[in-house]
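Okay, so here's the structure we're looking at.
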Amino acid sequence: MHRTEPSPFQRLLSLALGTLRPPPGRSRLLLAFAYGVVCHVIFAAAVLAMIAAMFFGMSESLGRLPAPWAYIANALLILQFPLVHSILLTKRGGNILLRFAPAPHGSTLATTTYAIVASVQLLLLFALWTPSGVIWWQAEGTAFAGICLAYAASWALLIKASYDAGAEVQSGALGWMSLAQNKRPTFPDMPTQGTFRFIRQPIYVAFALTTWTVPVWTPDQLALATALTTYCLLAPMLKERRFAQRYGDRFAAYKATVPYALPNLRKPKHD
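So this is what it looks like as structure tokens:
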């Protein structure tokens with residue numbers, strides 16, 4: 001008998017409702033909700049910092065280092081995100097994540113811990129960047145309105161793609177909500193619906209698009225957009241290796257019919 005997978009909304013709703021009636025365990029619940037608050041506060045701060053900083057082309061930030069130290073610091077801020085982000089997705093990196101939570105809850109809280117680390121990395125990048133002070137171009141009038149719409153659309157696409165992949169995983173909620181309910185995290189199945197019907201890596205593509213649809217252009221923004229777009233094009237290759245090992249023929253069939261990053265304008269064949 002064919003088993004129907006729950007929709008992303010059903011999964012998220014079921015997980016969230018479960019936290020309203022958790023089994024007893026005061027210390028476990030305190031730990032779970034503490035991780036949840038920390039995770040979502042830092043996550044929100046990182047997203048807001050990214051939206052604001054790139055809207056101004058990285059020309060407004062808190063970093064104030066003099067040259068040449070500013071160039072070195074900015075380069076390190078860019079590199080730390082893709083390097084640590086990718087390392088933590090490896091087996092060895094996963095073992096490191098386990099140490100960021102009290103035993104024996106490291107495995108359950110792994111997705112929450114990962115989201116916290118990634119959010120801190122983004123917050124550091126966008127809050128501590130030292131602006132060059134050079135502005136090449138700033139949109140005005142109709143161009144400003146059009147680019148702002150494109151910027152908003154890029155963020156909307158990123159939110160939709162994250163939702164399609166499993167909002168509970170992408171936001172870090174899966175870990176702490178599972179701990180609150182004293183159960184093992186249930187991960188979403190291989191995503192193939194929504195934005196994943198058109199390209200295999202919609203999250204990375206949308207993330208890259210946010211870096212190019214900004215109304216202010218500076219050397220800072222160009223450096224950031226180039227570096228992060230390169231990461232967004234290369235990093236999913238490692239992710240797809242893991243998917244090939246985990247899902248085998250299912251992923252091979254999906255890969256054969258759905259393009260990597262550029263959507264096929266014809267109607268997708270994959271279900």
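The sequence shown begins at 1 in this note's numbering and counts up by one. Glycine included, each C-beta is placed from N, C-alpha and C at the ideal position.
Subject >> Burial state of I87, where buried means 16 or more other Cβ atoms lie within 10 Å >> reply: Taking the sequence shown and counting its residues from 1, one reaches residue 87 at position 87. It is exposed - the Cβ of I87 has fewer than 16 other Cβ atoms within 10 Å.
**OP:** Measure the C-alpha to C-alpha separation of P8 and I159 and round it to an integer number of angstroms.
**Re:** Residue numbering aside, residue 8 sits at position 8 when the sequence shown is read from its first letter. Residue numbering aside, residue 159 sits at position 159 when the sequence shown is read from its first letter. P8 and I159: Cα-Cα distance of roughly 13 Å.
Original post:
When the Cα of T186 is compared with those of F100, L109, L48, which residue comes out closest?
Top reply: By one-based count along the sequence shown, residue 186 stands at place 186. With distances taken between Cα atoms, T186 lies closest to L109.
Original post:
Measuring CA to CA, which of W155, V258, M58, L233 is closest to W137?
Top reply: Sequence index remark: in the sequence shown, residue 137 carries index 137 (1-based). The residue with the shortest Cα to Cα distance from W137 is M58.
Subject >> Rounded distance between the beta-carbons of Y114 and G166, thought under 8 Å >> reply: On the sequence shown, residue 166 is found 166 positions in, with the first residue counted as 1. On the sequence shown, residue 114 is found 114 positions in, with the first residue counted as 1. Not really, about 13 Å apart at Cβ, beyond 8 Å.
**OP:** Provide the residue span of the alpha helix (DSSP H) that contains N182, from first to last.
**Re:** In the sequence shown, the residue the question calls residue 182 occupies position 182. Segment: none, N182 is in no alpha helix (DSSP H) and carries neither H nor E.
**OP:** Buried or exposed for G146, please, with buried defined as at least 16 other CB atoms from any protein chain shown within 10 angstroms of its CB.
**Re:** Stepping through the sequence shown from its first residue, residue 146 is reached at position 146. G146 comes out exposed.
Original post:
From T112 to L30, what does the alpha carbon distance come to, in whole angstroms?
Top reply: Against the sequence shown, residue 112 aligns to sequence position 112. Against the sequence shown, residue 30 aligns to sequence position 30. Cα to Cα, the separation comes out at about 15 Å.
**OP:** Give me the Cα-Cα distance between L13 and W176, rounded to the nearest whole angstrom.
**Re:** Here the question's residue 13 lines up with position 13 in the sequence shown. Here the question's residue 176 lines up with position 176 in the sequence shown. Their Cα atoms are separated by approximately 15 Å.
Subject >> Inter-residue CB distance, I116 and C39 (contact presumed, cutoff 8 Å) >> reply: For the purposes of this step, residue 116 is identified with residue 116 of the sequence shown, where counting begins at 1. For the purposes of this step, residue 39 is identified with residue 39 of the sequence shown, where counting begins at 1. Right, their Cβ atoms sit about 5 Å apart.
**OP:** List the residues that DSSP assigns as beta-bridge partners of Q170.
**Re:** To locate residue 170, count along the sequence shown from 1; it is residue 170. Answer is none; Q170 lacks a bridge partner.
Original post:
Which residues bound the alpha helix (DSSP H) around G18?
Top reply: Position 18 of the sequence shown, counting from 1, holds the residue named residue 18. Looking at the DSSP string, the run of the alpha helix (DSSP H) that includes G18 is 8-18.
Original post:
So, using beta-carbon positions, are A206 and L157 closer together than 7 Å?
Top reply: As a working mapping, residue 206 is identified with position 206 in the sequence shown. As a working mapping, residue 157 is identified with position 157 in the sequence shown. It is a contact, given that the beta carbons lie within the stated cut-off.
Original post:
Looking at I199 and P259, is the spacing between their C-beta atoms short of 7 Å?
Top reply: Taking the first residue of the sequence shown as 1, we reach residue 259 at position 259. Taking the first residue of the sequence shown as 1, we reach residue 199 at position 199. Yes, the Cβ-Cβ distance between P259 and I199 is below 7 Å.
**OP:** Just tell me which of W212, Y163, V216 has its CA closest to the CA of T195.
**Re:** What you label residue 195 is simply residue 195 of the sequence shown in a count that begins at 1. Nearest option by C-alpha distance: Y163.
**OP:** Give the DSSP-derived three-state secondary structure of V120 in the structure shown.
**Re:** As a first step, residue 120 must be located in the sequence shown, where it is residue number 120. Helix at V120.
**OP:** Tell whether a beta-carbon distance below 7 Å holds between A49 and F144.
**Re:** Numbered from its first residue, the sequence shown carries residue 49 at position 49. Numbered from its first residue, the sequence shown carries residue 144 at position 144. Going by C-beta atoms, A49 is not nearer than 7 Å to F144.
Original post:
By how many angstroms is the C-alpha of R241 removed from the C-alpha of G248?
Top reply: The residue you call residue 248 lines up with position 248 of the sequence shown. The residue you call residue 241 lines up with position 241 of the sequence shown. Rounded to the nearest angstrom, the two C-alpha atoms are 10 Å apart.
Original post:
By how many angstroms is the C-alpha of F56 removed from the C-alpha of I135?
Top reply: What you label residue 135 is simply residue 135 of the sequence shown in a count that begins at 1. What you label residue 56 is simply residue 56 of the sequence shown in a count that begins at 1. Answer to the nearest angstrom: the Cα atoms are 10 Å apart.
**OP:** Would you kindly work out how many angstroms separate the C-alpha atoms of T218 and L224, rounded to a whole number?
**Re:** Looking up residue 218 in the sequence shown gives position 218. Looking up residue 224 in the sequence shown gives position 224. Computed Cα separation, rounded: 10 Å.
Original post:
Taking buried to mean at least 16 other C-beta atoms within 10 Å of its own C-beta, is Y254 buried or exposed?
Top reply: Translated into positions along the sequence shown, residue 254 becomes position 254. Buried.
Original post:
Measuring from the CB of Q121, is there a heavy atom of the ligand SAM at a distance below 6 Å?
Top reply: Summarising the ligand content, the structure contains no ligands, and the ligand SAM is consequently not present.
Subject >> Beta bridge counterpart(s) of V84 as assigned by DSSP >> reply: Taking the first residue of the sequence shown as position 1, residue 84 is located at position 84. Answer by DSSP bridge pairing: none, since V84 is not bridged.
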